[in-house]
Every structure is written in C-alpha cells, then in structure tokens.
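These notes are about the structure you will find just below.
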Amino acid sequence: MAVHRDNPYPNYNFLVEIDGLDTQGAFMEVELPDVRVDVIEYRTGSDRSSAVHKLPGRASYSDVTLRRGVIGALDLYSWLDQTIQGDPGARRAMSVILLDEARQEVLRWNFQNVFPTEYQFNKLDATGKTVLVESLTLAVERMELV
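With this note's numbering applied, the sequence shown corresponds to residues 3 to 148, in that order.
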C-alpha cells in the first residue's frame, strides 16, 4: 500500500487506529518504534578462518508513545487499567497511518499485541502557556510496514 514519490512526505498528517478502542481526540505526536534484529555469532572448530559466521536472530521492537492534549476522556486510562487488572483483552492491534497533503493514506504501520506500559502527564504550571498533554507508552510485539 506504500505510495512512492520523489519528494518526502511531511510528518504532520497521520491517524491512529486502535482495535476495540474508540479514541476520543486526535493524537498530536507518535513516537514510532525502533526495530532491532539480534546477531547470532558462531564458529565451528574446523573453520580454516578464525572469523565468525553471523546469522539473524530474534527481532525486537522498542515502545510506541502516543501524545495528545487532555480533553477529559478516560479511554486511554481505561485501557491501561485493563492491563493492570490482567485482562487478556487488553492486548490490541493498532495502526499508525501516514497521510499525504490531500489526506490520502500513503503508508501504514501495523502493530500486533500492543498494550500500555506507562501513562504520564506533563507538569501543571500556573504560569504556563501550553496545554496539558497525556502520554501513553505501549509495548509492541510485532510491526509490519505496508
């Protein structure tokens, strides 16, 4: 589904979809995960060279972080509470969708077995000039880019 073009896409048009969760309010920022493949090194005693052979090992993904302005909705907190209570239904599929300037889908990150691990707010400040922001950090078991 990825749509190739000569100029890079801007990073400010995107959507977040979380299965079974009607997220209220759009997210202002998404930190996408890093992907890492472990390297397995081995060598047999009969190798003429002392160099090691390398094989791909397990893949792992760093966390995803979602941020949005606080609007009084409890959907993200309720999802976290499901995880805390040990509800197996707390694991969900999630997609982050990049849109072009005409708001057409051009790239999609699909995540499986996602669940919340951390929930934070920025500080309250009586002299501040910004909005209150909530952040939800999510563990990811698998990612697919389409």
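Every residue, glycine too, gets a C-beta built ideally from N, C-alpha and C.
- [ ] Tell whether a beta-carbon distance below 8 Å holds between V148 and V98.
- [x] no
TODO: Can you check DSSP and say which residues form a bridge with Y11?
DONE: DSSP, once it has assigned bridges, lists no residue as partnering Y11.
Open item on the list: For a test of the three-state rule: what should DSSP assign to A95, helix, strand or coil?
Closed with: strand
Task: Beta-carbon spacing of Q114, R144 below 8 Å - done: yes
Open item on the list: Runs of 4 residues minimum, wholly inside the region 42–105: which ones carry the alpha helix (DSSP H) assignment?
Closed with: 77–86
- [ ] Reducing DSSP to helix, strand and coil, say where Q26 ends up.
- [x] coil
Open item on the list: So V135 and N124 are supposed to be a Cβ contact under 8 Å. How far apart are they, rounded?
Closed with: 5 Å
Open item on the list: I need the boundaries of the beta strand (DSSP E) containing T119, first residue and last residue.
Closed with: E107 to F123
Task: Where the beta strand (DSSP E) containing A141 begins and where it ends - done: V135 to A141
TODO: Spell out a yes or no on whether the region 83–90 and the region 35–43 are touching, meaning 3 or more CB-CB pairs, one atom from each, closer than 8 Å.
DONE: no
- [ ] Pick out whichever of R94, R110 and D102 has its Cα sitting closest to the Cα of N9.
- [x] D102
- [ ] Determine contact between the region 65–83 and the region 21–30, defined as no fewer than three beta-carbon pairs at a distance below 8 Å.
- [x] yes
- [ ] For R105, I'd like the list of residues in its chain whose CB is within less than 7 Å of its CB, leaving aside the five on either flank, ordered along the chain.
- [x] N15
TODO: Give the single residue among S52, A28 and K131 whose Cα lies nearest to the Cα of L68.
DONE: A28
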